[in-house]
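Following: one structure in structure tokens, then a few remarks.
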Amino acid sequence: PSEILIIPCDALFQRTNIRRIPKMFSGLIYVTLVLASSIDAFAPSNILLETCTYNERSSPLYAIGVLARKAKEADVRKYCETGVEDDVLKAYEKIKSSGEIEQREPGPLQAALTRRKGTITIIAEYKRKVENGGFIDEIFDPEILSPSFREYGARGIAVMADKRMGGCTYDDLATFAEEQRRARNEIPGPVPVINSDLIVDEVQIAQTYVAGAKAFVAQFDIVGEEKIGSFLKAAQALDLEIIVAISSKEDAQKAVDLGARIISVVNIEEVDEKYECVNDLQIPEGQTVTTIASVTVNDDKEFQEIEDAWACR
Numbered sequence: 296p297s298e299i300l301i302i303p304c305d306a307l308f309q310r311t312n313i314r315r316i317p318k319m320f321s322g323l324i325y326v327t328l329v330l331a332s333s334i335d336a337f338a339p340s341n342i343l344l345e346t347c348t349y350n351e352r353s354s355p356l357y358a359i360g361v362l363a364r365k366a367k368e369a370d371v372r373k374y375c376e377t378g379v380e381d382d383v384l385k386a387y388e389k390i391k392s393s394g395e396i397e398q399r400e401p402g403p404l405q406a407a408l409t410r411r412k413g414t415i416t417i418i419a420e421y422k423r424k425v426e427n428g429g430f431i432d433e434i435f436d437p438e439i440l441s442p443s444f445r446e447y448g449a450r451g452i453a454v455m456a457d458k459r460m461g462g463c464t465y466d467d468l469a470t471f472a473e474e475q476r477r478a479r480n481e482i483p484g485p486v487p488v489i490n491s492d493l494i495v496d497e498v499q500i501a502q503t504y505v506a507g508a509k510a511f512v513a514q515f516d517i518v519g520e521e522k523i524g525s526f527l528k529a530a531q532a533l534d535l536e537i538i539v540a541i542s543s544k545e546d547a548q549k550a551v552d553l554g555a556r557i558i559s560v561v562n563i564e565e566v567d568e569k570y571e572c573v574n575d576l577q578i579p580e581g582q583t584v585t586t587i588a589s590v591t592v593n594d595d596k597e598f599q600e601i602e603d604a605w606a607c608r
């Protein structure tokens, strides 16, 4: 689709020896940014977990998503039962008192991701677990990788703050956010941090805000249209940005109609199919929609993902 290549951190560790990671990462980012000089629009006691009605779907992927959602709902319910921190509760109450969605200018994340034509911007994804595998041995801590991501040109840092899928916690999210905050007087400056947890309830959005992240990812096909609308309002109440992840053109258009201004195409491998998900979207006059291509990093060491990103662009 358009602007952003998402590079999972774990794939870089799989590519080469652990001691060569910094060099490998900088090389990968460097290649991308050199090519990038010339692209178009291309993640308590008185709190009750809310539920909504989901569209019926029959794909195995959706069935897996439903199971993941239910597991996450159970995690959030347990968190609420054990007691929500005061600052999280305060943010949650602010969400619940928010009004209707207002049209706004692009936020810091969208502005950072939306670059001039002929460029590709990158979101670096951090996680401690490999997909379909176990934990990554000797992965560098957030304090070490956070400045490296910034120095080598990432425009966003997505932290998969889900122990099951990414092996990370909200403490990791907060560590990245704090390290980036401390870089506000440096060059390059802070990079927006994104919560890539499986968001199923507004209390997680309140946690995102308290952790210091600037944005979060919401999965359209897992939580449904009603929840996406609620999450957009919650994001506005806390001055956060939301990346809505979609896997079909229908969902992409619904997300835009609800007010989403950053769309990520996920769970689709073919370049043409990614492109079709966001091609000819009906965008409100005067508004900008930034589209993200989630490109899987390969293990063949030939950087096919870079070519795929350019093809999407």
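Note that our numbering has the sequence shown beginning at 296, numbered continuously upward.
Glycine included, C-beta positions come from ideal geometry on N, C-alpha and C.
Only a predicted model underlies this, so the values are computations on that prediction, with no experimental measurement involved.
Tell me which same chain residues have a C-beta within less than 7 Å of the C-beta of residue i, skipping the five on either side of it?
i           : result
residue 603 : 566 and 590
residue 451 : 404, 407, 408, 418, 486, 487 and 489
residue 499 : 371 and 492
residue 536 : 402, 404, 405, 509, 510, 530 and 557
residue 584 : 336, 551, 556, 558, 576 and 578
Taking the straight line between their C-alpha atoms, what separation do you get for residue i and residue j?
i           : j           : result
residue 528 : residue 491 : 18 Å
residue 508 : residue 369 : 23 Å
residue 461 : residue 479 : 28 Å
residue 503 : residue 365 : 20 Å
residue 579 : residue 435 : 43 Å
residue 339 : residue 379 : Caution applies to residue 339, whose pLDDT of 35 falls short of 50 and renders its modelled position unreliable; the value that the coordinates give is listed next. Between residue 339 and residue 379, the C-alpha separation is close to 5 Å.
residue 443 : residue 561 : 26 Å
residue 395 : residue 576 : 23 Å
residue 513 : residue 519 : 10 Å
residue 608 : residue 601 : 11 Å
residue 541 : residue 424 : 23 Å
residue 413 : residue 376 : 50 Å
residue 581 : residue 373 : 43 Å
residue 400 : residue 389 : 21 Å
residue 277 : residue 477 : Residue numbering for the chain in the displayed model covers 296 to 608; residue 277 lies beyond these limits and cannot be assessed.
residue 470 : residue 437 : 6 Å
residue 382 : residue 468 : 16 Å
residue 449 : residue 385 : 32 Å
residue 573 : residue 598 : 24 Å
List the whole-angstrom C-beta distance separating residue i from residue j, where the pair is believed to meet the contact cut-off of C-beta under 8 Å.
i           : j           : result
residue 525 : residue 568 : In fact, because the Cβ distance is near 29 Å, the residues do not count as touching under 8 Å.
residue 441 : residue 532 : The Cβ separation is near 27 Å, so there is no contact.
residue 465 : residue 506 : 5 Å
residue 515 : residue 552 : No, residue 515 and residue 552 are not in contact; Cβ-Cβ is about 12 Å, not under 8 Å.
residue 639 : residue 445 : As shown, the chain starts at 296 and ends at 608. That puts residue 639 outside it, with no answer to give.
residue 523 : residue 559 : About 13 Å separates the two Cβ atoms, so there is no contact after all.
residue 544 : residue 571 : 6 Å
residue 420 : residue 453 : 4 Å
Considering only DSSP beta bridges, list what residue i is partnered with.
i           : result
residue 539 : 513 and 558
residue 421 : 454
residue 585 : 557
residue 490 : 454 and 511
Leaving out five residues on either side along the sequence, give the residues of the same chain with a beta carbon under 8 Å from the beta carbon of residue i.
i           : result
residue 458 : 464
Spatial neighbours of residue i within its chain, please: CB distance less than 6 Å, with the 5 preceding and 5 following residues excluded, ordered by chain position.
i           : result
residue 517 : 360 and 364
residue 410 : 416
residue 455 : 422, 461, 463 and 491
Does the CB of residue i have a neighbour CB from chain D at under 8 Å?
i           : result
residue 425 : Among the protein chains of the structure shown there is no chain D, as only one such chain exists.
### Query
Which whole runs of the alpha helix (DSSP H) in the segment 443-487 are 4 residues long or more, in chain order?
465-476
### Task
Kindly provide the ranges of any alpha helix (DSSP H) runs that are 4 or more residues long and lie completely inside the segment 356-403, ordered along the chain.
381-391
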